[in-house]
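Peer 1:
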Ligand SMILES: Nc1nc2c(ncn2[C@@H]2O[C@H](COP(=O)(O)OP(=O)(O)O)[C@@H](O)[C@H]2O)c(=O)[nH]1
Ligand SMILES: [Mg+2]
């Protein structure tokens, strides 16, 4: 048990509603509940009761129930009080509960206790938050898959394979003196390859989940007057940005949130990339480069009526390391005889040409994944850990191929195992736990 104290919070969202719930968790929960109703709660039984203040007057009435440890969400004794859903009323109830010995819960503290008491692992606890906050049906379904333990199961299977392989290698090392070279057959490499394949598939599913969860960040970049702000407005469906034929109109980064095929997109419109002596435009260009560096996808817009200029080429060279999609704008200004770049996409915000293809380009592999019933809800920290684990396995394979050294491979395998365990929380530093749970809302 974390601190042994009893916590309480309003578990329903702020505002007015038919019912509002105060949740109490900890060793004193039952006693507090009993005093509040001047009665005796029995486990797993719902009672209809008055909720009393210190003088015995009713604050409200409603349903009340008790779940006995460890058979509750948090794994502790839990009492839930369902009163009417008014913010003042619920504050009064919560105050009364605290008067009786509970303290206000921190954000995410119920889930944190559930994790510390082994009711859920870390990935599942995070899936609860993601399920509640999911912004689309696909996201909700993916979060539910993770909450049910699908993600954790895959991680456990991967860890299991790695542990078995480590055991095999350790055993082989023990026999080394007897000149039986267990490592000489192909089985170590086969097993590494099979783990890598599984891990790669998990990364794909988790990366889809991460995008469903956090959205894709798209930055529109290019020279002044390329049509960037017009494209933002077209995608947003309204005139978010000022559009003029004066170069250098946009200075601040403009951000719009839209949803494409159920996938949240954050689209950033930026200042045209050119050298400028004007301090405001200069700052705008600096910010544009920052957005480019942080984006999941960069659309480089080139005015088709002008074509690729030396200045566009120079931007493209700067974008080479981050990667970008080349898009020609204002295709309506081209006549049929114009030469087109066969590899690039042509769009027009006036005629709508190329817009469907642009959406496909933006979503890339993610385009179809509403139909993908394997997507698991994941966060950037999960994907990062999976990638580190993959790199360790790749390294293990490489080292084994080069040296046939069991010791070196064993060390890489140990690292891969540790990275995977970070996801489910088996090896997670306390400060990371604090950071994860504090992002949850109160009462969860
Ligand atoms: N014909 C045509 N003109 C466009 C198109 N998109 C933008 N423009 C014009 O190009 C000029 C610059 O557009 P704007 O969106 O402000 O470009 P930005 O500087 O890159 O943000 C404006 O006069 C727009 O009306 C398009 O698809 N077709
Ligand atoms: Mg603009």
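In my numbering, the protein residues as written are 3 to 446.
Quick reminder that beta carbons are idealized off the backbone N, C-alpha and C, glycines included.
How many Å lie between residue 102 and residue 6 at the Cα?
Peer 2: Using only the alpha carbons, I get a separation of about 16 Å.
Peer 1: Quick check on the burial criterion: 16 or more other C-beta atoms within 10 angstroms. Buried or exposed for residue 237?
Peer 2: So residue 237 ends up on the buried side.
Peer 1: In the segment 4–92, which residue ranges form an unbroken alpha helix (DSSP H) of at least 4 residues, counting only runs that do not cross its ends?
Peer 2: Within the segment 4–92, the complete alpha helix (DSSP H) runs of at least 4 residues are 31–39.
Peer 1: Quick one: does the C-beta of residue 169 sit closer than 7 Å to a heavy atom of ligand 1?
Peer 2: The answer is no for residue 169.
Peer 1: Could you check if residue 419 is buried or exposed, using at least 16 other CB atoms within 10 Å of its CB as the buried criterion?
Peer 2: Residue 419 is buried by the Cβ-count criterion.
Peer 1: By a C-beta neighbour count over all protein chains shown, 10 Å radius and 16 as the cutoff for buried, is residue 225 buried or exposed?
Peer 2: So residue 225 counts as buried.
Peer 1: Quick check on residue 224: does DSSP put it in helix, strand or coil?
Peer 2: Of the three classes helix, strand and coil, the one that applies to residue 224 here is strand, per DSSP.
Peer 1: Cβ of residue 252 within 7 Å of any heavy atom in ligand 2?
Peer 2: Indeed, a heavy atom of ligand 2 lies less than 7 Å from the Cβ.
Peer 1: With a floor of 4 residues, list each alpha helix (DSSP H) that falls wholly inside the segment 140–213, ordered by position along the chain.
Peer 2: Qualifying alpha helix (DSSP H) stretches, in chain order: 152–176.
Peer 1: So is residue 305 buried or exposed if we call it buried at 16+ other beta carbons inside 10 Å?
Peer 2: Under this definition residue 305 is a buried residue.
Peer 1: First and last residue of the beta strand (DSSP E) that includes residue 270?
Peer 2: Counting along the chain, the beta strand (DSSP E) containing residue 270 begins and ends at 265–271.
Peer 1: Got a sec: does ligand 1 put a non-hydrogen atom nearer than 7 Å to the Cβ of residue 270?
Peer 2: No, the beta carbon of residue 270 sits no closer than 7 Å to any heavy atom of ligand 1.
Peer 1: Are the CB atoms of residue 357 and residue 364 within a distance shorter than 8 Å?
Peer 2: Cβ atoms of residue 364 and residue 357: not closer than 8 Å.
Peer 1: Span of the alpha helix (DSSP H) holding residue 232?
Peer 2: Residues 230–238.
Peer 1: For residue 62, does the count of other Cβ atoms within 10 angstroms reach 16, so buried, or fall short, so exposed?
Peer 2: Classification of residue 62: buried, given that the 10 Å Cβ count is 16 or more.
Peer 1: Grouping DSSP H, G and I as helix and E and B as strand, with all else coil, what is residue 320?
Peer 2: Helix, per DSSP.
Peer 1: Considering only residues of the same chain and omitting the five flanking positions on each side of residue 17, which have a CB-CB separation below 6 Å?
Peer 2: Excluding positions up to five away in sequence, the list is empty.
Peer 1: Return yes when the C-beta of residue 288 is under 7 Å from any heavy atom of ligand 2, and no when it is not.
Peer 2: No, the beta carbon of residue 288 sits no closer than 7 Å to any heavy atom of ligand 2.
Peer 1: Assign residue 221 to one of two classes, buried (16 or more other C-beta atoms within 10 Å of its C-beta) or exposed (fewer than that).
Peer 2: Classification for residue 221: buried.
Peer 1: Compute the Euclidean distance between the alpha carbons of residue 340 and residue 315, then round it to the nearest angstrom.
Peer 2: The alpha-carbon atoms of residue 340 and residue 315 are separated by roughly 20 Å.
Peer 1: Which residue comes first and which comes last in the alpha helix (DSSP H) that contains residue 257?
Peer 2: Premise fails: residue 257 lies in the beta strand (DSSP E), 256–262, not in any alpha helix (DSSP H).
Peer 1: I'd like to know whether the C-beta atoms of residue 320 and residue 125 end up nearer to each other than 8 Å.
Peer 2: Result no, Cβ atoms of residue 320 and residue 125 do not sit closer than 8 Å.
Peer 1: Could you please give the first and the last residue of the uninterrupted alpha helix (DSSP H) stretch that includes residue 399?
Peer 2: First-last of the alpha helix (DSSP H) with residue 399: 382–405.
Peer 1: Buried or exposed, going by whether 16 or more other CB atoms sit within 10 Å of the CB of residue 240?
Peer 2: Per the 10 Å Cβ criterion, exposed.
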